[in-house]
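K.L.:
Structure (structure tokens):
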């Protein structure tokens, strides 16, 4: 099986969790697994765990709820993957989940319809601590995940889907499908990005980035920019991804951008290999696979580039 087929299969698995028309739970929808106690508000379940380790199981249904985690290590888990939805709820004018505890894990949850006046409404706002996400779906919001800075922490995303996210309008700063601040590291694997509404699909200021085995399908994107933007520079690896650039771009000058806004982190040895990149059917233009402002030695090899693409440009 080719790497491209395997990548698309992995992306398809992430997409398969998106269900709608779900029946609401008859009882309390948020249950702390360790005690078996149920709550009608997500914030009350978070408060019950406090600074401890715990798991909140979210029943099947759509809930216009939100919560702020300020301590502890909490897992937010769908009772059935893809059938628990946090729909439109916003805490602190930021996100459905605002996280600044020690760590949070997200498993099988859908985040949708998060919007706020400043244009940065997110499924998750991570301000501090580690974040681990699997089997999640982020859709129809201004941002999927937005972070502050925590150079001591890591963000890991696996088997998840990001669709109809991002924006660059109303004279506000752009929003992106994923926008990570100065975290220690970002890892994104086996996930799918599609149908962006503006901004970049992955924008990360983390010092280390691992972005492997994902698909970036921009064929139905609207006024989008880069597929991957590492604006402050980064080391790490970008490999075995499939990229397709669509027609409707605000900026089509590159697929991957490195250190476009400064060189806060070294990019020496950043390894970009074994990816497939092409223009969508009917799109005719010239562009670059990698645009680099770092003035450092990147490793770019064994990428399968379609018509109109040039491997590299130093800017």
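Residue numbers (our numbering): 1 to 315.
We treat Cβ as the ideally placed atom computed from N, Cα and C, and that holds for glycine.
In this text, all values refer to a predicted model and were calculated from it rather than measured experimentally.
#1: Roughly how many angstroms separate the alpha carbons of residue 283 and residue 246, rounded to a whole number?
#2: Rank 223, 227, 207 by C-alpha distance to the C-alpha of residue 216 and give the top, closest one.
#3: How about residue 208 and residue 177: do their beta carbons lie closer than 8 Å?
#4: Drop a sphere of 10 angstroms on the beta-carbon of residue 309, count the other beta-carbons inside from all chains shown, and report buried for 16 or more, exposed for fewer.
#5: Determine the contact status of residue 114 and residue 82, defining contact as a CB-CB distance below 8 Å.
#6: Residue 258 to residue 298, Cα distance in whole Å?
#7: Which first and last residues belong to the beta strand (DSSP E) in which residue 116 is found?
#8: Could you tell me whether the Cβ atoms of residue 73 and residue 101 are closer together than 8 Å?
#9: Straight-line CA distance for residue 127 to residue 99?
#10: Would you kindly check if the distance between the Cβ of residue 145 and the Cβ of residue 122 is under 8 Å?
#11: Using the Cα positions of residue 78 and residue 307, report the straight-line distance between them to the nearest angstrom.
#12: Quick one: what's got a C-beta closer than 7 Å to residue 323's C-beta in the same chain, skipping five residues either side?
#13: Keeping to the same chain, check which residues put their C-beta closer than 6 Å to that of residue 193; ignore five residues upstream and five downstream.
#14: Taking only runs of the alpha helix (DSSP H) that begin and end inside the segment 192–230, which ones reach a length of at least 4 residues, in chain order?
#15: Using only alpha-carbon positions, find the residue among 148, 188, 168 that is nearest to residue 159.
#16: Quick one: using the 10 Å Cβ neighbour count with 16 as the cut-off for buried, is residue 10 buried or exposed?
#17: Answer yes or no: do residue 120 and residue 71 have a C-beta to C-beta separation smaller than 8 Å?
#18: What distance in whole Å lies between the Cβ atoms of residue 213 and residue 248, which are believed to be in contact at a cut-off of 8 Å?
#19: Report, in whole angstroms, the separation of the C-beta atoms of residue 205 and residue 180, which I expect to be a contact under 8 Å.
#20: Which first and last residues belong to the beta strand (DSSP E) in which residue 99 is found?
#21: If the criterion is Cβ atoms closer than 8 Å, does the pair residue 218 and residue 260 meet it?
#22: Is DSSP giving residue 90 helix, strand or coil here?
#23: Cutting at 6 Å between CB atoms, please list the residues of its own chain near residue 241, excluding the five before and the five after it.
#24: Go to residue 42, then tell me how far its beta strand (DSSP E) extends in each direction, as first and last residue.
#25: Give the DSSP-derived three-state secondary structure of residue 53 in the structure shown.
#26: Could you check how far apart the C-beta atoms of residue 221 and residue 267 are, in whole angstroms? I think they sit under 8 Å.
P.N.:
Checking against the coordinates, here is how it stands:
#1: Each residue's alpha carbon lies about 7 Å from the other.
#2: If you compare the alpha carbons of 223, 227, 207 with that of residue 216, the shortest gap goes to 227.
#3: One thing to note: residue 208 has its Cβ no nearer than 8 Å to the Cβ of residue 177.
#4: Buried, because 16 or more other Cβ atoms sit within 10 Å of the Cβ of residue 309.
#5: No; because the gap between Cβ atoms is not below 8 Å, this pair is not in contact.
#6: So the alpha carbons of these two residues sit roughly 10 Å apart.
#7: For residue 116, there is no enclosing beta strand (DSSP E), as DSSP gives it neither H nor E.
#8: Taking 8 Å as the Cβ cut-off, residue 73 and residue 101 qualify as a contacting pair.
#9: Approximately 6 Å, taken between the alpha carbons.
#10: Cβ atoms of residue 122 and residue 145: closer than 8 Å.
#11: Whole-angstrom Cα-Cα distance: 43 Å.
#12: Residue 323 lies beyond the range of the chain shown here (1 to 315); nothing can be said about it.
#13: Correct list, in chain order: 162, 177, 201, 216.
#14: Listed in chain order, there is nothing to give.
#15: Out of 148, 188, 168, the CA that lies nearest to the CA of residue 159 is found in 188.
#16: Here residue 10 scores only 40 on pLDDT, less than 50, and its place in the model should not be relied on; the value that follows carries that caveat. Residue 10 is buried by the Cβ-count criterion.
#17: At least 8 Å separates the beta-carbon of residue 120 from that of residue 71.
#18: Here residue 248 is actually not in contact with residue 213; their C-beta atoms are around 26 Å apart, not less than 8 Å.
#19: About 6 Å separates the beta carbon of residue 205 from that of residue 180, a gap short enough to meet the 8 Å contact definition.
#20: 95–99 is the extent of the beta strand (DSSP E) around residue 99.
#21: In this structure, residue 218 sits away from residue 260, with a CB-CB distance that is not shorter than 8 Å.
#22: The DSSP-derived three-state label of residue 90 is coil.
#23: For residue 241, where only same-chain residues beyond five positions count, the Cβ hits under 6 Å are 214, 275.
#24: Counting along the chain, residue 42 falls outside any beta strand (DSSP E), though it belongs to the alpha helix (DSSP H) covering 42–49.
#25: The answer is strand: DSSP assigns residue 53 an E or B state.
#26: Distance from residue 221 to residue 267 at the Cβ level is roughly 26 Å; contact not present, criterion being Cβ atoms closer than 8 Å.
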